[in-house]
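First comes the structure, then the notes that go with it.
Protein chains: 2
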Amino acid sequence: MAGRTVRDERAEATREAILATAERLFAERGVYVVSNRQVSEAAGQGNNAAVGYHFGTKADLVRAIARKHAQQVERVRERLLREIGDSTDVRDWVACLVRPVLEHLAELDGPTWYARFCAQVLTDPALHEIMAEEALASPALRQTLDGFNRCLPELPLEVRVERGDMARNLIVHMCAERERALAENTATPRSSWHDAATGLIDGIVGLWLAPVTR
Amino acid sequence: MAGRTVRDERAEATREAILATAERLFAERGVYVVSNRQVSEAAGQGNNAAVGYHFGTKADLVRAIARKHAQQVERVRERLLREIGDSTDVRDWVACLVRPVLEHLAELDGPTWYARFCAQVLTDPALHEIMAEEALASPALRQTLDGFNRCLPELPLEVRVERGDMARNLIVHMCAERERALAENTATPRSSWHDAATGLIDGIVGLWLAPVTR
Chain Y
1 MAGRTVRDER AEATREAILA TAERLFAERG VYVVSNRQVS EAAGQGNNAA
51 VGYHFGTKAD LVRAIARKHA QQVERVRERL LREIGDSTDV RDWVACLVRP
101 VLEHLAELDG PTWYARFCAQ VLTDPALHEI MAEEALASPA LRQTLDGFNR
151 CLPELPLEVR VERGDMARNL IVHMCAERER ALAENTATPR SSWHDAATGL
201 IDGIVGLWLA PVTR
Chain V
1 MAGRTVRDER AEATREAILA TAERLFAERG VYVVSNRQVS EAAGQGNNAA
51 VGYHFGTKAD LVRAIARKHA QQVERVRERL LREIGDSTDV RDWVACLVRP
101 VLEHLAELDG PTWYARFCAQ VLTDPALHEI MAEEALASPA LRQTLDGFNR
151 CLPELPLEVR VERGDMARNL IVHMCAERER ALAENTATPR SSWHDAATGL
201 IDGIVGLWLA PVTR
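As given, the protein sequences belong to chains Y and V, one line each in that order.
Per full-length UniProt numbering, the very first residue in the first sequence carries number 1; after that it's consecutive.
Per full-length UniProt numbering, the very first residue in the second sequence carries number 1; after that it's consecutive.
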């Protein structure tokens, strides 16, 4: 902590408050409709320009939230990668794609907003590239995609792209739906993020290996 | 047209303008953040209370939009049901669930907002029941679900619920994503709604028939 001043610590606390508040507001209301000014106010900042001062644009703020989570997901994925080694079973690689995200959600303390935040950002035309960039900056994700592609049966290009889109939509929206149900105290088909991951992995393996109608 | 006055016709035109405007605004910005006043204004109504006068609450307005489309989807589904008769092939019943929605989107003239409207309403805790009610009011959908359940292999209850959630999320979000890509003139894996339906049906059959990990 040498050289770390009270001023540094206060700035760090402000940044954390802004990140947490923005994630919640974006998750619940949508990224498009929430302004930096609203985030600053809801984060308890007297200065309405606090987001701009600490982060820059809304895209920069979204990137900072995405990066914080991506780094935590990365650590879980590194561990799973060590466990599966050079497996040739598609299911192991799908698990390595899916499970880190749901384990990260399970590890977060108390209520979460990250899954709904992702769902909102990924449907925003101007911002969804940011999520992809932050995710693919992770060596563990690239290694997982390589391993997955090595054991996937041959598929026509459009089917490959389409099934990638389907798998991504399933992960994002099944997590967001489960997170919303937990927040609203309504029923979920599975009692834990771990079991939800198992079901999601089964389904995604099924869709990747399904016969192709020409 | 006996008894139909100029006043009736004007009211009908106003209702249609409000429905189309609300669908577009809800699809692009979210149902939660768009007020009835904003819908009235964007629909060119001098009277800001036009939505209230013609439809009632926001929930009533959402229901009117959902019903209009559900009736059109129903007609396509009735035709497909006649074609498959008492098939025992899961794929025929999945096709009967999926294809009417995408054929309806293909039949709408020009740009569409219905898929994104559905995605927004289905993630709104207060409104998603409305969509379910309007859809299930359709005898053709209930008949399709019965036929589907008859040929589905036995599955644990939580897996059945979970795969139903996965299939619904795939239909809703793959359609919304394709509609968004068409609106923004970006690439889509398939060149038509018909081919997109074929790929979606293959994937959904795969996930329903996937082995279950205990």
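Positions of the beta carbon are idealized from the N, C-alpha and C atoms, including for glycine.
Source: prediction; values computed, not measured.
Candidates the options, of which the one nearest residue i by Cα
{"i": "Ala210 (chain V)", "options": "Y:Trp113, Y:Leu105, Y:Leu108, Y:Arg91", "result": "Y:Arg91"}
{"i": "Ala119 (chain V)", "options": "V:Glu103, V:Glu177, V:Arg37, V:Val212", "result": "V:Glu177"}
{"i": "Gly30 (chain Y)", "options": "V:Ala59, V:Val212, V:Leu19, V:Thr123", "result": "V:Thr123"}
{"i": "Arg82 (chain V)", "options": "V:Asn185, V:Ala197, V:Glu154, V:Gly147", "result": "V:Gly147"}
{"i": "Cys151 (chain Y)", "options": "Y:Ser87, Y:Arg67, Y:Thr14, Y:Gln38", "result": "Y:Ser87"}
{"i": "Val34 (chain Y)", "options": "Y:Thr57, Y:Arg15, Y:His104", "result": "Y:Thr57"}
{"i": "Pro111 (chain V)", "options": "V:Ile18, V:Arg160, V:Leu182", "result": "V:Leu182"}
{"i": "Gly52 (chain Y)", "options": "Y:Leu155, Y:Ile18, Y:Glu154, Y:His173", "result": "Y:Ile18"}
{"i": "Ala11 (chain Y)", "options": "Y:Val39, Y:Gln45, Y:Arg214, Y:Asp195", "result": "Y:Gln45"}
{"i": "Thr213 (chain V)", "options": "Y:Asp202, Y:Val212, Y:Arg214", "result": "Y:Asp202"}
{"i": "Asp89 (chain V)", "options": "V:Asn149, V:His173, V:Val159", "result": "V:Asn149"}
{"i": "Ala140 (chain Y)", "options": "Y:Cys175, Y:Ile84, Y:His173", "result": "Y:Ile84"}
{"i": "Thr188 (chain Y)", "options": "V:His173, V:Val161, V:Thr188", "result": "V:Val161"}
Contacts around residue i, its chain only, beta-carbon distance under 7 Å, and the 5 residues preceding and following it disregarded
{"i": "Glu41 (chain V)", "result": "Asn48"}
{"i": "Pro100 (chain Y)", "result": "Val73, Val76, Arg77, Leu80"}
{"i": "Ala27 (chain V)", "result": "Trp113, Arg116, Phe117, Gln120"}
{"i": "Gly3 (chain Y)", "result": "none"}
{"i": "Arg190 (chain V)", "result": "Ala196, Gly199"}
{"i": "Val159 (chain Y)", "result": "Val212"}
{"i": "Cys175 (chain V)", "result": "Val101, Leu102, Leu105, Ala115"}
{"i": "Tyr32 (chain Y)", "result": "Asp124"}
For residue i, the first and last residue of its enclosing alpha helix (DSSP H)
{"i": "Gln38 (chain Y)", "result": "36 to 42"}
{"i": "Thr213 (chain V)", "result": "No alpha helix (DSSP H) holds Thr213 (chain V); DSSP gives it neither H nor E."}
{"i": "Thr144 (chain V)", "result": "139 to 151"}
{"i": "Asp8 (chain V)", "result": "6 to 29"}
{"i": "Leu108 (chain Y)", "result": "Premise fails: Leu108 (chain Y) is in no alpha helix (DSSP H) and is neither H nor E."}
{"i": "residue 217 (chain Y)", "result": "No statement about residue 217 (chain Y) is possible, as the shown extent of chain Y runs from 1 to 214 and does not include it."}
{"i": "Ala196 (chain V)", "result": "193 to 209"}
{"i": "Gln71 (chain Y)", "result": "58 to 84"}
{"i": "Phe117 (chain Y)", "result": "114 to 122"}
{"i": "Asp165 (chain V)", "result": "157 to 184"}
{"i": "Ala132 (chain Y)", "result": "128 to 136"}
{"i": "Gly52 (chain Y)", "result": "50 to 54"}
Beta-carbon contacts of residue i that lie in its chain and below 8 Å, excluding the five residues immediately before and after
{"i": "Ala70 (chain Y)", "result": "Glu134, Ala135, Ala137, Ser138"}
{"i": "Glu23 (chain V)", "result": "Ile65, Trp113, Tyr114, Phe117"}
{"i": "Ile171 (chain Y)", "result": "Leu97, Val98, Val101, Leu200, Ile204"}
{"i": "Pro153 (chain V)", "result": "Leu209"}
{"i": "Arg142 (chain V)", "result": "Leu136"}
{"i": "Ala59 (chain V)", "result": "Ala126, Leu127, Ile130"}
{"i": "Gln38 (chain V)", "result": "Leu25"}
Exposed unless 16 or more other CB atoms sit within 10 angstroms - verdict on residue i
{"i": "Glu179 (chain Y)", "result": "buried"}
{"i": "Gly199 (chain Y)", "result": "buried"}
{"i": "Thr144 (chain Y)", "result": "buried"}
{"i": "Asn36 (chain V)", "result": "buried"}
{"i": "Thr186 (chain V)", "result": "exposed"}
{"i": "Thr21 (chain Y)", "result": "buried"}
{"i": "Glu103 (chain V)", "result": "buried"}
{"i": "Ala132 (chain V)", "result": "exposed"}
{"i": "Asp109 (chain V)", "result": "exposed"}
{"i": "Val6 (chain Y)", "result": "exposed"}
{"i": "Pro156 (chain V)", "result": "exposed"}
{"i": "Glu184 (chain V)", "result": "exposed"}
{"i": "Glu9 (chain V)", "result": "exposed"}
{"i": "Ala196 (chain V)", "result": "buried"}
{"i": "Ala13 (chain Y)", "result": "exposed"}
Cutoff 6 Å; reference residue i; Cβ partners in own chain excluding five residues on either side
{"i": "Ala106 (chain V)", "result": "Trp193"}
{"i": "Arg15 (chain V)", "result": "His54"}
{"i": "Arg67 (chain V)", "result": "Glu134"}
{"i": "Val94 (chain V)", "result": "Ile201, Ile204, Val205"}
{"i": "Ala43 (chain V)", "result": "Ala17, Ile18, Thr21"}
Query raised in the report: Any contact of the region 119 to 128 of chain V with the region 58 to 69 of chain V, i.e. 3+ C-beta pairs under 8 Å?
Result: yes
Query raised in the report: Do three or more CB pairs link the region 200 to 210 of chain Y to the region 160 to 172 of chain Y at distances below 8 Å?
Result: yes
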